[in-house]
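Residue numbers (UniProt numbering), protein chains in the order written: chain B, 1 to 327; chain U, 1 to 327.
So, in structure tokens, the structure goes:
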């Protein structure tokens, strides 16, 4: 059931089989599987998963290509709740390993916040990432286009940029490298650095060789209407026409609550085995926080894997106890 | 586009980037990703994927729980075709490795069959498995209930059997072992062997210990109506009431066309790396043919992985060629 500030306290004595941090596609899929294994679960969702911002999913088999991410999330929440799962809109501040259980400290409500502790045997880390966006004086100008034709994921949306005039907005030499795989989809590429970093000599040469333009002047604003970005105006007044954009500025990892754990990582992402288990045997990581493709369908599959492994672990432990007592 | 017997010959000169054998959830997901990477692909589908038989999917996040498997498949086909992919209803008889390409030999049409050869750089093996069913004189009696409350997958449908009187229909001692994890969901279990195998002493003892019944008399027919199986009638006339059933008789692997390849296997399933690549660098395996969970969402994710790796391979090879020529 959906927990509210009022009903919170009723659920704090219960030890959940698993608490899932994050209610995106991965967390919801994990929750659906956990409930179907007759395990008790709580999903804690801070809201606005990365897929919430996707105006059209485009590549999730089974859903029409124009399905918004928020439709999948809404459907997933209803599905999970229909199976008797607990769901709380809140922010996980800290997780403490108590040995057999985890204590999960949650802040609920931005105003008049309530602080509550929940406990579980297993933890599924599904709180994902969010992309850094260009910093503009008026951020609304960015939000107007981000998730429409101002993309954040080449794998997801390269197709949408095919043969278009694309602006790439990067904040470092390594993030700027995305222009080269983007070249698979379109030759009309302009890299915008806004003067935020010194363009390496090698990158400058390579851009020239491929015929990609480089603009280092800061951007005043994105131009366009009806959520369709049609170009940028630079601070010097120059207008550059574009048909699509790709932001490549890295991502914020929503995993501060894991600071007390020394989980194995690779380039900032959690390392997991084939069942989504991290280097801690009772912590599973799914979706964008772990090593692998940042795709909705991958996160959904990860959720199934993690839930299945947790079920197997609990079931086997349960069997051993039963076998033991029958001797 | 959808290829037909008439238009077949127009497509045989083309070398596809990838041919996908199998048009289930995995194959369609792979096709969608391939097309979105601007690669050319052909899906060859013999029809009736395993998910086609599922009356309700229950565990695929984003779709309502009562969505039939065939609805996902129909949606996936439309999605794939809308991206310009080629699709052929046919049966792959043989695949020959020509070094840089594969020759894929297809039989189209059960009557007045046409035989045609297609070629591709990569092969995605997504032709799946199909469960063996109890052999009855009147097979319609089995089809009436299979996929409704006569299940074939514990992971998928354990939840549907919770606290119900369940009949397990097995054809070997090892396949009968499924009764024990089923015990997680319900204690009311009857194992039916139909006298097809000698029940091992250890299994017999363990069944007794857990309080599960054992029936070795052959079954005359399933009883029920409106696709809801309500019990079985044995050959000796005894009627045993049931509320659900689980068939555990193994599966047929749809992969005869791979006989010429010596791909690494584990217990009949193809071994793949984390990007779904088999021990042959240009053959990818996704879904139920490979090691892992037999779940629709896993197959769909596999499709994304395989297509992405093929795109990377082709792109990098392409880049090397370009770099080479610029010297």
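Every residue gets a Cβ at the ideal spot worked out from N, C-alpha and C, and that includes glycine. Bear in mind that the values here come from a model prediction, so they are computed numbers and not experimental data.
Which word fits residue 29 of chain U, buried or exposed, when buried means at least 16 other C-beta atoms lie within 10 angstroms of its C-beta?
Buried is the call here.
Presumed contact (8 angstroms Cβ cut-off) between residue 249 of chain U and residue 307 of chain U, rounded CB distance
Not confirmed; about 33 angstroms, so no contact.
From the beta carbon of residue 326 of chain B, is the nearest beta carbon of chain U less than 9 angstroms away?
With a pLDDT of 41 at residue 326 of chain B, under the threshold of 50, the modelled position of this residue cannot be trusted, and the question is left open.
Would you list the residues sitting across from residue 374 of chain B in a DSSP beta bridge?
Residue 374 of chain B is absent from the model: chain B starts at 1 and stops at 327.
DSSP three-state call for residue 79 of chain U: helix, strand or coil?
In this structure, residue 79 of chain U counts as helix in the three-state DSSP scheme.
Distance between beta carbons of residue 117 of chain U and residue 12 of chain U, contact taken as under 8 angstroms:
In this structure residue 12 of chain U touches residue 117 of chain U by the C-beta definition: roughly 6 angstroms separates them, less than 8 angstroms.
Cα-Cα, which of U:102, U:139, U:274 and U:243 is closest to residue 121 of chain U?
Among U:102, U:139, U:274 and U:243, the Cα nearest to that of residue 121 of chain U belongs to U:102.
Under the three-state DSSP convention, the category residue 319 of chain U falls into
DSSP places residue 319 of chain U in the helix class (H, G or I) of the three-state scheme.
Please look up how many angstroms separate the CB atoms of residue 212 of chain U and residue 179 of chain U, rounded, as I've assumed it's under 8 angstroms.
Confirmed, Cβ separation roughly 6 angstroms.
Is there contact between the region 31-47 of chain B and the region 299-313 of chain B, where contact requires at least three CB pairs shorter than 8 angstroms?
The answer is yes - the region 299-313 of chain B touches the region 31-47 of chain B, with three or more Cβ pairs under 8 angstroms.
Give the DSSP-derived three-state secondary structure of residue 307 of chain U in the structure shown.
Here residue 307 of chain U sits in helix by DSSP.
Quick one: what's got a C-beta closer than 7 angstroms to residue 128 of chain B's C-beta in the same chain, skipping five residues either side?
Once the five neighbours on either side are set aside, the close Cβ partners of residue 128 of chain B are 22, 24, 49, 50, 254, 287, 288 and 289.
With a cut-off of 9 angstroms, does the C-beta of residue 274 of chain U fall near any C-beta of chain B?
The Cβ of residue 274 of chain U sits closer than 9 angstroms to at least one Cβ of chain B.
Assign residue 134 of chain B to one of two classes, buried (16 or more other C-beta atoms within 10 Å of its C-beta) or exposed (fewer than that).
Residue 134 of chain B is buried by the Cβ-count criterion.
Can residue 91 of chain U and residue 107 of chain U be called in contact, C-beta distance under 9 angstroms?
Residue 91 of chain U is a Cβ neighbour of residue 107 of chain U, given a cutoff of 9 angstroms.
What span of residues does the beta strand (DSSP E) with residue 29 of chain U cover, start to end?
Per DSSP, residue 29 of chain U belongs to no beta strand (DSSP E); it is in the alpha helix (DSSP H), 25-36.
How would you label residue 224 of chain U, buried or exposed, when you count the other beta carbons within 10 angstroms and need 16 or more for buried?
Residue 224 of chain U should be labelled buried.
Just the C-alpha distance for residue 247 of chain U and residue 150 of chain U, rounded to the nearest angstrom, thanks.
Straight-line Cα distance between these residues: approximately 7 angstroms.
Please state whether the Cβ-Cβ distance between residue 182 of chain B and residue 207 of chain B is less than 9 angstroms.
Not a contact, by the Cβ cut-off of 9 angstroms.
Exposed or buried, residue 301 of chain U, counting other C-beta atoms within 10 Å across all chains shown (16 or more means buried)?
With 16 or more other Cβ atoms within 10 Å, it is buried.
Can you name the start and end residues of the beta strand (DSSP E) that residue 192 of chain B belongs to?
Element bounds for residue 192 of chain B: 189-192.
Could you name the residues of chain U that residue 195 of chain B contacts, counting a contact when the two beta carbons are closer than 7 angstroms?
The premise fails here: residue 195 of chain B is roughly 29 angstroms from chain U at the closest Cβ pair, so nothing lies under 7 angstroms.
Neighbour-count burial assignment, residue 310 of chain U, 16 or more Cβ in a 10 Å radius
In this structure residue 310 of chain U is buried. Its beta-carbon is surrounded by 16 or more other beta-carbon atoms within 10 angstroms.
Residue 326 of chain U - DSSP class collapsed to helix/strand/coil:
Interpretation of residue 326 of chain U is limited by its pLDDT of 41, a score under 50 that renders its predicted location unreliable; no figure is taken from the coordinates.
Counting only beta-carbon atoms, is residue 190 of chain B nearer than 9 angstroms to chain U?
It does not; no Cβ of chain U falls within 9 angstroms.
Would you tell me roughly how many angstroms separate the C-alpha atoms of residue 266 of chain U and residue 291 of chain U, rounded to the nearest one?
Distance between the alpha carbons of residue 266 of chain U and residue 291 of chain U: 7 angstroms.
If you draw a straight line from the C-alpha of residue 325 of chain B to the C-alpha of residue 314 of chain B, how long is it?
Note on residue 325 of chain B: pLDDT 45, under 50, position unreliable in the model; no value is reported.
Please list the partners that residue 185 of chain B has in chain U, where partner means a Cβ-to-Cβ separation under 7 angstroms.
Those within 7 angstroms of residue 185 of chain B in chain U are 38.
Check for me: the alpha helix (DSSP H) holding residue 157 of chain B runs from which residue to which?
Segment 154-157, the alpha helix (DSSP H) holding residue 157 of chain B.
With a threshold of 16 other CB atoms inside 10 Å of the CB of residue 1 of chain U, please say whether the residue is buried or exposed.
By the neighbour-count rule (16 or more Cβ atoms within 10 Å), residue 1 of chain U is not buried but exposed.
Does residue 278 of chain B have its Cβ less than 9 angstroms from a Cβ in chain U?
Between residue 278 of chain B and chain U, the shortest Cβ-Cβ separation is not below 9 angstroms.
Helix or strand or just coil, what does DSSP make of residue 119 of chain U?
In this structure, residue 119 of chain U counts as strand in the three-state DSSP scheme.
Using the C-alpha atoms, what's the distance from residue 8 of chain U back to residue 14 of chain U?
Straight through space, the alpha carbons of residue 8 of chain U and residue 14 of chain U are spaced by roughly 11 angstroms.
DSSP puts residue 105 of chain U in a beta bridge; with which residues?
BP columns for residue 105 of chain U point to U:94 and U:117.
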